[in-house]
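In what follows, a structure is listed as structure tokens, so that the remarks can point back to it.
Numbering (UniProt numbering), first residue to last: 1 to 124.
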């Protein structure tokens with residue numbers, strides 16, 4: 001008794017096909033630009049605040065060095081409890097990610113601005 005699979009539903013196939021239309025490509029380009037604008041805002045805002053940051057140029061992910069030798073999980077806990085900003089501890093990406101923290105630009109512009117403002121106020 002095996003599981004039978006007839007492929008993706010027709011409506012999903014049509015949606016996938018629409019991505020390759022001129023309108024679909026234009027919509028994707030607009031969406032990518034929106035998130036990359038958020039990424040640039042995060043990158044530049046954190047640089048201005050004195051953080052060591054990288055990324056956010058060719059992908060919507062920004063890497064932030066945890067301050068004062070904090071581990072990535074210590075920094076995660078601090079941000080969650082004191083700043084109300086959530087990201088991904090770098091240690092989840094392997095040993096080289098320790099002491100780093102990953103932020104994403106996949107939020108609204110308004111929430112991005114608020115998060116950067118909160119991060120700029122950190123006093124460690």
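Glycine is no exception: its CB is placed at the ideal position from the N, C-alpha and C atoms.
In the DSSP assignment, what are the bridge partners of residue 63?
54 and 102, per the DSSP bridge assignment.
Beta carbon of residue 38, beta carbon of residue 88: below 8 Å?
no
Considering residue 114, what are the terminal residues of the alpha helix (DSSP H) in which it resides?
109-120
Since I believe residue 118 is in contact with residue 126 (beta carbons under 8 Å), could you give me their beta-carbon distance rounded to a whole number of angstroms?
This structure leaves residue 126 out entirely; the chain is present only between 1 and 124.
Out of curiosity, what's the CA-to-CA distance linking residue 115 and residue 69?
22 Å
Name, in chain order, the residues that DSSP records as bridge partners for residue 89.
101
Please report how far the alpha carbon of residue 64 lies from the alpha carbon of residue 30, in whole angstroms.
26 Å
Rounded to the nearest angstrom, how far is the Cβ of residue 106 from that of residue 72, given a contact under 8 Å?
About 20 Å separates the two Cβ atoms, so there is no contact after all.
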